[in-house]
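In the working numbering, the protein residues as written are 896 to 1228. Glycine included, C-beta positions come from ideal geometry on N, C-alpha and C. It should be emphasised that the depicted structure is a prediction, and the values quoted were computed from it without experimental measurement.
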Amino acid sequence: MTSLFNQLFGKRDGATASSDGALVGNSGGEVKIEYTSETITTAVLEQMAATSNPRLKTIMAAAVKHLHAFAREVNLTPSEWIKGIEFVTRVGQMSSPARQEVILLSDTLGLSTLVNTMHDKTAVEEATQTSLLGPFFREDAPAMKAGEQIAKRDASQEIVLYGRVTNKRGEPLAYAQVGVWQTATDGRYDMQVDETTMDCRGVFQTDANGDYLIRAVRPLGYYIPMDGPVGDMIKAQNRHGMRPAHIHFLISAVGYREMVTALYLADDDHLTDDVVFGAHGDLVVAIEENAPACPVPNARSIKFDFALSVESEADRLSGRVGADPSKIAGVQS
Ligand SMILES: [Fe+2]
896 MTSLFNQLFG
906 KRDGATASSD
916 GALVGNSGGE
926 VKIEYTSETI
936 TTAVLEQMAA
946 TSNPRLKTIM
956 AAAVKHLHAF
966 AREVNLTPSE
976 WIKGIEFVTR
986 VGQMSSPARQ
996 EVILLSDTLG
1006 LSTLVNTMHD
1016 KTAVEEATQT
1026 SLLGPFFRED
1036 APAMKAGEQI
1046 AKRDASQEIV
1056 LYGRVTNKRG
1066 EPLAYAQVGV
1076 WQTATDGRYD
1086 MQVDETTMDC
1096 RGVFQTDANG
1106 DYLIRAVRPL
1116 GYYIPMDGPV
1126 GDMIKAQNRH
1136 GMRPAHIHFL
1146 ISAVGYREMV
1156 TALYLADDDH
1166 LTDDVVFGAH
1176 GDLVVAIEEN
1186 APACPVPNAR
1196 SIKFDFALSV
1206 ESEADRLSGR
1216 VGADPSKIAG
1226 VQS
């Protein structure tokens, strides 16, 4: 104990370690503990070492090491530290059942895509590429029949979404759930208009052949919410804050890994500089005019087939990267 204590805090000139490890000065009695910019990290890790949950212990130890290393690297000043405290406070205060500023922060810092990418690598087999769930998902979207229009307010600029959900071998998955959500034609999600009305979202089912058919509208690219602390950060970094036009999907079938993904419109200017790093090459699609294979004649349409990976035991525990804002613990209505 004594040597560890000396190693952690160093010995002051003229000081000796007492039998219980505390440092005492020459005058005796007064305990003098000194933390340096290096030993503080070890001291915190020591104090957290008794954490009983091994995964929590690993995560928190790494978080402390990297947090301290970050502060040392930039030589963080007190005023910068308090600005960081204010920023994090505002991010929490801005979050509500209809707006998740913390997810937005994670998205714009690339953390969500990083977690998503690592999660993809754990799939049992290769499947359709995933993308971000984003901050505008809702758990309780309405169930809809094949071919129903998801846009209630403005169904002009209709596009038809169709294709097949299969497993990795291309075998159709009958009665799979296909959740879809997107902006309305004005570029806003329903929850940005008001918190109670559902629009431009629904949950469909594939038929016996694994085929899905959805009527939607052309989504618009949009600015992420810029009136909060994340928006302030984006502006300070001279980033545009735009997402390319896209349609979100959440697809699930019994025995298969849940798929969170999105399709991005090929003619959007911001495919390569998506502010939340969600757009991927394999998920970029073009709107076709009068496609012969489209089940709706003379329509503008997007065809996309989704392949799911079989589900592993770990998949059942890992959860998804994102959540309905109203279902996140700690959110105040
Ligand atoms: Fe989105």
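Best match in the options for proximity to residue i [C-alpha to C-alpha]
i	options	result
Glu-941	Lys-960, Val-926, Arg-950, Val-1055	Lys-960
Lys-978	Val-1010, Asp-1127, Met-1093, Ala-1079	Asp-1127
Leu-1158	Tyr-1057, Val-939, Val-1125	Tyr-1057
Val-867	Thr-1091, Gly-1065, Ala-1041, Gln-1087	Only positions 896 to 1228 of the chain appear in the structure, and residue 867 is not among them; the question remains open.
Arg-1195	Thr-984, Val-1055, Gly-1005	Val-1055
Ala-1071	Gly-1082, Ala-1148, Glu-1034, Gly-1065	Ala-1148
His-1141	Asp-1089, Gly-1082, Met-1086	Gly-1082
Gly-1136	Phe-982, Thr-953, Met-1086, Leu-1004	Leu-1004
Pairwise C-alpha distance: residue j and residue i
i	j	result
Phe-1099	Gln-988	35 Å
Ile-980	Ala-1209	36 Å
Lys-1222	Val-1073	20 Å
Tyr-1107	Met-955	44 Å
Gln-1024	Thr-937	41 Å
Asn-1104	Phe-1172	34 Å
Ser-990	Arg-1110	32 Å
Pro-1220	Ile-1182	31 Å
Ser-947	Ala-1018	29 Å
Val-1060	His-963	46 Å
Arg-1096	Leu-951	36 Å
Val-939	Leu-971	18 Å
Lys-1130	Pro-1114	24 Å
Arg-1134	Asp-1200	33 Å
Asp-1094	Phe-1144	15 Å
Phe-965	Asp-1002	20 Å
Ile-928	Ala-944	20 Å
Val-1088	Pro-949	44 Å
Leu-1212	Ala-957	22 Å
Cut-off 8 Å between Cβ atoms - residues of its own chain near residue i, not counting five sequence neighbours on either side
i	result
Lys-1063	Glu-1020, Glu-1021, Ala-1022, Ala-1202, Leu-1203, Ser-1204, Val-1205
Ala-1069	Thr-1101, Asp-1102, Ala-1103, Asn-1104, Gly-1105
Gly-1217	Ile-998, Ser-1007, Leu-1027, Leu-1028, Gly-1029, Pro-1030, Phe-1032, Val-1155
Gly-1150	Val-1205, Glu-1206
Pro-1139	Gly-1116, Tyr-1159, Leu-1160, Asp-1163, Asp-1164, His-1165, Leu-1166, Asp-1169, Ala-1174
Arg-838	Look at the range of the chain in this structure, 896 to 1228, and you will see that residue 838 is not part of it.
Host beta strand (DSSP E) of residue i (start-end)
i	result
Ile-1119	That residue, Ile-1119, is in no beta strand (DSSP E); it is neither H nor E in DSSP.
Asn-1235	Because the chain spans 896 through 1228 in this model, residue 1235 falls outside it and cannot be assessed.
Phe-1201	1201–1203
His-1143	1141–1147
Val-1019	Taken as a continuous stretch (DSSP letters only), Val-1019 belongs to no beta strand (DSSP E), as it is neither H nor E.
Thr-1078	No beta strand (DSSP E) contains Thr-1078, which DSSP labels as neither H nor E.
Ser-932	That residue, Ser-932, is in no beta strand (DSSP E); it is neither H nor E in DSSP.
Gly-1097	1096–1100
Val-1155	1154–1160
Ile-1197	1195–1198
is_contact[residue i, chain B] using C-beta, thresh 8 Å
i	result
Ile-1045	Note that chain B does not occur in the displayed structure, where there is just one protein chain.
Cβ neighbours of residue i in the same chain (closer than 6 Å, five flanking residues each side left out)
i	result
Ala-1038	Val-1098
Tyr-1084	Phe-1031, Thr-1078
Thr-1080	Asp-1049, Gln-1052, Val-1112
Gln-1044	Ala-1050, Arg-1110
Leu-1000	Val-986, Val-1125
Close Cβ partners of residue i (< 7 Å) along its chain, the five nearest in sequence each way excluded
i	result
Asn-1185	Asn-1193
Asp-1015	Thr-1025
Ser-932	Arg-967
Ala-870	Since the first and last residues shown for the chain are 896 and 1228, residue 870 lies out of range.
Ala-1188	Lys-1198
Val-1191	Val-1055
Segment limits, alpha helix (DSSP H) that includes residue i
i	result
Phe-1031	Phe-1031 -> no alpha helix (DSSP H), and no H or E assigned at all.
Gly-987	973–989
Ile-1109	Segment 1106–1112 is the beta strand (DSSP E) holding Ile-1109; no alpha helix (DSSP H) there.
Lys-960	949–969
Val-1010	1006–1015
Met-1128	1124–1131
Are the segment 1175–1187 and the segment 1117–1124 touching by the rule of at least three beta carbon pairs closer than 8 Å?
no
Are at least three pairs of beta-carbons, each pair with one atom in the segment 1027–1036 and one in the segment 989–999, less than 8 Å apart?
yes
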